[in-house]
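Peer 1: Letter 196 of the sequence shown, counting from 1, is numbered 252 in the numbering used here, and no numbers are missing.
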Amino acid sequence: MSRAEPAIREVSPLWTLGLFRSELLTTFRRWRTLALLGVLAAVPVLVGIAVKIETGDGSSAGGGGGGGGEGPAFISQITNNGLFLVFTALAATLPFFLPMAIGVVAGDAVAGEANAGTLRYLLVAPAGRTRLLLTKYATVLIFCLVATLVVAVSALTVGALLFPLGELTTISGTRIGFAEGLGRALLIALVVAASLVGVAALGLFVSTLTNSGIAAMATTVGLLITVQILDQIPQLNALHPYFFSHYWLSFADLMREPVYWEDLTKNLGVQALYAAVFGSAAWARFTAKDITA
Numbered sequence: 057m058s059r060a061e062p063a064i065r066e067v068s069p070l071w072t073l074g075l076f077r078s079e080l081l082t083t084f085r086r087w088r089t090l091a092l093l094g095v096l097a098a099v100p101v102l103v104g105i106a107v108k109i110e111t112g113d114g115s116s117a118g119g120g121g122g123g124g125g126e127g128p129a130f131i132s133q134i135t136n137n138g139l140f141l142v143f144t145a146l147a148a149t150l151p152f153f154l155p156m157a158i159g160v161v162a163g164d165a166v167a168g169e170a171n172a173g174t175l176r177y178l179l180v181a182p183a184g185r186t187r188l189l190l191t192k193y194a195t196v197l198i199f200c201l202v203a204t205l206v207v208a209v210s211a212l213t214v215g216a217l218l219f220p221l222g223e224l225t226t227i228s229g230t231r232i233g234f235a236e237g238l239g240r241a242l243l244i245a246l247v248v249a250a251s252l253v254g255v256a257a258l259g260l261f262v263s264t265l266t267n268s269g270i271a272a273m274a275t276t277v278g279l280l281i282t283v284q285i286l287d288q289i290p291q292l293n294a295l296h297p298y299f300f301s302h303y304w305l306s307f308a309d310l311m312r313e314p315v316y317w318e319d320l321t322k323n324l325g326v327q328a329l330y331a332a333v334f335g336s337a338a339w340a341r342f343t344a345k346d347i348t349a
């Protein structure tokens with residue numbers, strides 16, 4: 057298919073919503089997507105069971121009976137309040153499991169269609185390349201939110217079954233009610249989902265560079281791992297604030313009283329920057345690409 061678009065095509069809003077709905081259904085009906093969500097849901101279950109077994113003799117989680125054990129910062133509080141399992145599970149999945157799942161879905165968004173030979177037929181419909189790309193990106197963003205909520209809901213369920221619930225102590229040492237803690241858990245889940253916007257844009261861009269879904273997924277996950285390795289090298293300290301993963305764990309500041317907003321706003325700013333840069337790059341590449349599959 058040539059780069060030229062038909063002269064002027066009127067696209068009804070209902071048709072656009074239908075395209076978006078179709079894309080969502082296609083994405084969430086794939087066995088690969090369901091398997092990724094299943095793995096994400098299993099992580100809090102494994103963490104909760106491990107903490108329950110470790111603390112069965114009355115010792116505290118994290119080892120040694122002290123609060124300085126290894127693992128996510130909230131893990132030593134799980135036995136006191138199951139709601140902390142939500143924070144722990146999100147902290148455990150955010151560095152790798154969540155972004156890997158996003159990288160797989162985003163990397164396959166365009167390249168998977170090209171590999172299956174359906175991309176050309178999608179563009180025959182009155183969608184337009186820009187509209188189709190926006191639909192793909194919106195679908196990936198919905199997956200970011202769903203994947204994060206799957207982790208949070210699974211953790212809350214397991215935490216309620218294995219540990220007591222009630223008032224909880226913030227990082228600052230103040231006490232807040234369970235309802236407020238639940239509200240902060242939801243806010244943290246939304247922040248974590250927003251923290252994956254940059255990875256989603258990067259994966260979509262990579263997906264426009266190749267016709268192989270597997271290559272796009274592998275490249276996106278590889279870049280994710282590379283960036284996180286670079287973020288741990290002290291000699292690159294000046295570059296760390298510009299890596300999309302650098303402020304990921306800043307969501308813990310929502311458990312302070314008062315909330316510490318500086319790193320949270322930096323995180324959201326970095327994600328917006330990556331979304332703008334790689335979203336624009338994906339658009340430039342996709343609109344200039346010759347579609348042959």
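We treat Cβ as the ideally placed atom computed from N, Cα and C, and that holds for glycine.
DSSP has Thr275 in a bridge; who is on the other side?
Peer 2: Paired residue(s): none; Thr275 is not in a bridge.
Peer 1: Pair every Cβ in the region 326-338 with every Cβ in the region 244-258, then say whether three or more of these pairs are closer than 8 Å.
Peer 2: Result yes; three or more Cβ-Cβ pairs closer than 8 Å.
Peer 1: Among the candidates Val196, Leu212, Thr225 and Leu265, whose CA atom is the shortest distance from the CA of Asn171?
Peer 2: When only C-alpha atoms are compared, the closest one is Leu265.
Peer 1: Measuring straight from C-alpha to C-alpha, what distance separates Ala337 and Phe261?
Peer 2: Their Cα atoms are separated by approximately 6 Å.
Peer 1: Contact defined as beta carbons within less than 8 Å: I believe Phe300 pairs with Arg185. What is the distance between those atoms, to the nearest angstrom?
Peer 2: Wrong, their Cβ atoms sit about 26 Å apart, outside the cutoff.
Peer 1: Assess, as a yes-or-no matter, whether the region 208-219 is touched by the region 134-149 under the definition of 3 or more beta carbon pairs within less than 8 Å.
Peer 2: The region 134-149, when compared against the region 208-219, does touch it at the 8 Å Cβ threshold.
Peer 1: From Ser251 to Ala272, what does the alpha carbon distance come to, in whole angstroms?
Peer 2: For Ser251 and Ala272, the distance between alpha carbons rounds to 21 Å.
Peer 1: Could you pull the DSSP bridge partners for Arg231 from this structure?
Peer 2: Paired residues: Thr225.
Peer 1: Have a look at Ser306 and Ser268 and give me their C-alpha separation to the nearest angstrom.
Peer 2: Approximately 35 Å, taken between the alpha carbons.
Peer 1: Helix, strand or coil: how does DSSP classify Ala344 here?
Peer 2: Ala344: helix per DSSP, three-state reduction.
Peer 1: Sorted by chain position, which residues of the same chain lie with C-beta nearer than 8 Å to Thr89's C-beta, five sequence neighbours on each side aside?
Peer 2: Excluding residues within five positions, the ones whose Cβ falls inside 8 Å are Thr83, Val161 and Phe199.
Peer 1: Please check the pair Ala148 and Val103, which I expect to be a contact at CB under 8 Å, by giving their CB distance rounded to whole angstroms.
Peer 2: Yes, Ala148 and Val103 are in contact; Cβ-Cβ is about 6 Å, under 8 Å.
Peer 1: Nearest-angstrom Cα distance between Leu324 and Arg77?
Peer 2: In a straight line, the C-alpha of Leu324 is about 27 Å away from that of Arg77.
Peer 1: State the Cα-Cα distance for the pair Asn293 and Ile285, rounded to the nearest angstrom.
Peer 2: Going by the C-alpha atoms only, they are around 12 Å apart.
Peer 1: Let's see if you can read the secondary structure: which residues bound the alpha helix (DSSP H) around Trp87?
Peer 2: Looking at the DSSP string, the run of the alpha helix (DSSP H) that includes Trp87 is Trp87 to Glu110.
Peer 1: For a minimum of 4 consecutive residues, which ranges assigned as the alpha helix (DSSP H) are wholly contained in the region 163-212?
Peer 2: Here the runs fully enclosed are 175-180.
Peer 1: Counting Cβ pairs closer than 8 Å, one from the region 189-196 and one from the region 237-247, do we hit at least three?
Peer 2: Result no; under three Cβ-Cβ pairs closer than 8 Å.
Peer 1: For the alpha helix (DSSP H) containing Gly254, list its first residue and its last residue.
Peer 2: Run containing Gly254: Val253 to Ser263, per the alpha helix (DSSP H) assignment.
Peer 1: By the DSSP assignment, the alpha helix (DSSP H) with Val142 in it spans what residues?
Peer 2: From DSSP, the alpha helix (DSSP H) with Val142 extends over Phe140 to Thr149.
Peer 1: Report the rounded CA-to-CA distance for Thr230 versus Ala167, giving the unit in angstroms.
Peer 2: Straight-line Cα distance between these residues: approximately 50 Å.
Peer 1: May I have the straight-line CA-CA distance separating Tyr303 from Glu169, to the nearest angstrom?
Peer 2: Going from the Cα of Tyr303 to the Cα of Glu169 covers about 33 Å.
Peer 1: In chain order, what residues of the same chain lie with their CB nearer than 7 Å to the CB of Ala340, ignoring the 5 residues before and after it?
Peer 2: Here the set comprises nothing.
Peer 1: My guess is that Ala245 and Ala274 are in contact by the Cβ rule of under 8 Å, so how many angstroms apart are they, rounded?
Peer 2: Not really, about 28 Å apart at Cβ, beyond 8 Å.
Peer 1: Would a C-beta distance cut-off of 8 Å place Val247 and Leu201 closer than the cut-off?
Peer 2: It is not a contact, given that the beta carbons lie outside the stated cut-off.
Peer 1: Mind checking whether Leu93 and Ala203 have CB atoms under 8 Å apart?
Peer 2: Yes.
Peer 1: Anyone know if the C-beta pair for Thr226 and Arg312 falls short of 8 Å?
Peer 2: Yes, these two residues count as a Cβ contact at 8 Å.
Peer 1: Candidates Phe130, Val214, Leu175 and Val196: which alpha carbon is nearest Val99's?
Peer 2: Ranking Phe130, Val214, Leu175 and Val196 by Cα distance to Val99 puts Val214 first.
Peer 1: Are there 16 or more other CB atoms within 10 angstroms of the CB of Gln288, so buried, or fewer, so exposed?
Peer 2: Exposed: under 16 other Cβ atoms inside 10 Å.
Peer 1: Is the distance from the Cβ of Val326 to the Cβ of Met156 below 8 Å?
Peer 2: Cβ distance not < 8 Å, so Val326 and Met156 don't count as in contact.
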